[in-house]
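Enquirer: Numbers 10 to 324, taken from the working numbering, label the letters of the sequence shown in order.
By construction, the Cβ of each residue, glycine as well, lies at the ideal position given by its N, Cα and C atoms.
All values derive from a computational prediction rather than experimental measurement.
Below you will find the structure I want to go over with you.
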Amino acid sequence: MIHTPICDLLGIQYPIFQGAMAWISDAKLAAAVSNAGGLGVIAAGGAPADLVADQIKRAKDLTDKPFGVNVMLMSPNAGEVAKVVAELKPAVVTTGAGNASAFAKMWIDAGIDWIPVVPSIAVAVKSVRNGARAVIAEGGESGGHVGELTTMCLVPQICDAVNVPVLAAGGIGDGRGIAAAFMLGAVGVQAGTRFLVARECGVHQNYKNKIIKTKEIDSVVTGKRLGHPVRSLKTPFARKFLQYEYDSSITNEQLEELGAGSLRVAAVEGDNENGSFMAGQIAGLVKKEQSALEIITEMFAEAEKILHRAEQWVK
Ligand code: TUI
C-alpha cells in the first residue's frame, strides 16, 4: 500500500490529484476520481460563477469523498468564482496560471485547503507564506499553460525550498512516473492527460481518440510570444498558430483572437481542424480508455511494484 502525508492531510486513499482541465473536468469526472480514492478536481476555467456553483453542488451529490475546485487565475471572472468557492467550501481549492494572493485568506478562513500549482520556487515560497497547505510543482511536460522548468528539475528544488507537502505534475501518466516523483521528494502526484481518457470524462470522443493515437513527439508549445505558453497536440490549429506567431505582420491582438475559444472547440465540439487539443508530453503512453478506478489502481499497483524492486540497485 502506498500512503503519504498528503493522504492524511486530505483524507484520501491514494496520493493523486486529477489535474484540472478547463471545459473538460466537471463534477462527473471529479466525483469518479474521488470515489476511486484520489482527489477529483472540477475545473472552473473561464466558466461563469453560477455554473461553477452548480458543478460543486453536483459533485457533492455524486460523492461523499473530498474533492477540489480549480480557479484559473487568468480568467476575467476569477474573483467571482473565488467567492463562490469560499461559499460552497469544497475540501480543496487548487489555483493555476496566476497570482492567488488576493483570494488565499478568504479560502483559508472558510476552512478550505488551498493548494496552488507553482512553476517556480519564487511562486512556491510566496504561496506558502500566504497559507498554502501544499504545492503542486508542475513541469513544462504538462498540457495547457506551462512554465519553463521540467518536472525533473523543478520538483526537487521546490521540495528543498518549502516545508509543506509537494505534489509533482507534468509528465506523470503511469506507475513509473509516480515512483519517480517520490524519488524527487514529492509525496503525491497530479495527472491530467491520463484522465482525459477516463470513461467518466465527458470530453469529445475525437479528443480521446487523438490522445490514444498520439506519439511522444506530437505536442508543441505555442503562445510564448503572448507570455502564456500552452502545450497542445500538433494539429492544423497548432500549426497555424505557430505560423502566425512567427509572422511579425500579425499583431498580438490577432494572435489572441485566433486562440480564443479554441479549447472549447476541441473539448466540446471535437473539431479536429480548429480545436486546441491541450495535452501533456506523456500522452504517447496513454493507450486506452479506462474507468477512473482502473486508472488509479493500475498506476499505484505499478508504482508499488517498482518501488519494492528499486532496492535491488543498492548494494
Ligand atoms: O493553469 C495551468 N494550466 C492550464 S490553465 C488552462 S486554460 C487556458 N486556456 C487558454 C489559454 C491559456 C490557458 C490550460 N492549462 N497550469 C498551472 C500553472 N500555473 N502553470 C503555470 C502556472 C503559474 C504561472 C505563473 C502559476 C502561477 C504563476 O504566477 C503566480 C504569481 O504569483 O506570479
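(1) One question on the structure: do VAL7 and ALA276 come within less than 8 angstroms of each other, judged by their Cβ atoms?
(2) Does any residue of chain C have a CB that is nearer than 8 angstroms to the CB of PRO57?
(3) Counting along the chain, where does the alpha helix (DSSP H) carrying PHE286 start and finish?
(4) Look up GLN299 in the DSSP assignment and give the residues it is bridged to.
(5) Please determine, among GLY54, ILE15 and PRO24, the residue with the shortest C-alpha to C-alpha distance to SER34.
(6) Hey, is the segment 126-144 in contact with the segment 80-100, meaning 3+ C-beta pairs nearer than 8 angstroms?
(7) Counting pairs of beta carbons, one from the segment 253-261 and one from the segment 188-195, are three or more of them closer than 8 angstroms?
(8) Of all the options ARG273, GLY140 and GLY46, which has the alpha carbon lying nearest to the alpha carbon of VAL212?
(9) Could you give the C-beta distance for LEU38 and GLY77, rounded to a whole number, given that I count them as a contact under 8 angstroms?
(10) Return the chain-ordered list of same chain residues with a C-beta closer than 6 angstroms to the C-beta of LYS243, the five sequence neighbours on each side being excluded.
(11) How many angstroms separate the CA atom of THR160 from the CA atom of VAL127?
(12) In this structure, does DSSP put SER228 in helix, strand or coil?
(13) CA-CA distance, ALA100 and ALA87?
(14) Shorter than 7 angstroms, the distance from the beta carbon of GLU266 to the closest heavy atom of ligand 1, or not?
(15) Am I right that THR202 and ILE220 are in contact with their C-beta atoms under 8 angstroms? What's the rounded C-beta distance?
(16) Return yes when the Cβ of GLY179 is within less than 8 angstroms of the Cβ of GLU150, no when it is not.
(17) Ligand 1 heavy atoms versus the CB of GLY105: any closer than 7 angstroms?
(18) Determine which residues share a DSSP beta bridge with TRP123 and list them.
(19) Does the distance from the C-beta atom of ARG142 to that of LEU18 stay below 8 angstroms?
(20) Check whether the Cβ of LYS135 sits closer than 7 angstroms to any heavy atom of ligand 1, and report yes or no.
(21) From this set, PHE191, ILE15, ALA68 and PRO14, which residue's C-alpha is nearest ALA312's C-alpha?
(22) Hey, would you say the C-beta of ALA31 is under 7 angstroms away from at least one heavy atom of ligand 1?
(23) Answer yes or no: the CB of VAL155 versus the heavy atoms of ligand 1, is any distance below 7 angstroms?
(24) Over the uninterrupted alpha helix (DSSP H) stretch that includes GLY77, give me the two end residues.
(25) Spell out the partners DSSP gives LEU176 in its beta bridges.
(26) What residues in its chain sit with their C-beta under 8 angstroms from that of ILE305, if we drop five residues either side in the sequence?
(27) Determine the closest residue to GLU282 out of GLY289, LEU294, GLY293 and GLY268, with distance taken between C-alpha atoms.
(28) Please classify ASN172 as buried or exposed, where buried requires at least 16 neighbouring CB atoms within 10 angstroms.
(29) Residue range of the beta strand (DSSP E) that GLN27 falls in?
(30) Exposed or buried, what is LYS66 when buried is set at 16 or more other beta-carbons lying within 10 Å of its beta-carbon?
(31) CB ILE145 to CB ALA170, shorter than 8 angstroms?
(32) In terms of residues, what are the limits of the alpha helix (DSSP H) holding SER110?
Expert: Let's see:
(1) The requested residue 7 does not occur in the structure, where the chain is confined to residues 10 to 324.
(2) Of the protein chains in this structure there is only one, and it is not chain C.
(3) It is not in any alpha helix (DSSP H) - PHE286 carries neither H nor E in the DSSP assignment.
(4) ALA207
(5) GLY54
(6) no
(7) no
(8) ARG273
(9) 12 angstroms between Cβ atoms; not a contact.
(10) ASP227 and VAL229
(11) 11 angstroms
(12) strand
(13) 19 angstroms
(14) no
(15) 7 angstroms
(16) yes
(17) yes
(18) VAL102
(19) yes
(20) yes
(21) PHE191
(22) yes
(23) yes
(24) Looking at the DSSP string, GLY77 is not in any alpha helix (DSSP H); the run it does join, the beta strand (DSSP E), is 76-81.
(25) ILE145 and GLY197
(26) TYR23, ILE25, VAL42, ALA45, GLY46 and GLY47
(27) GLY268
(28) exposed
(29) 25-27
(30) exposed
(31) no
(32) 110-118
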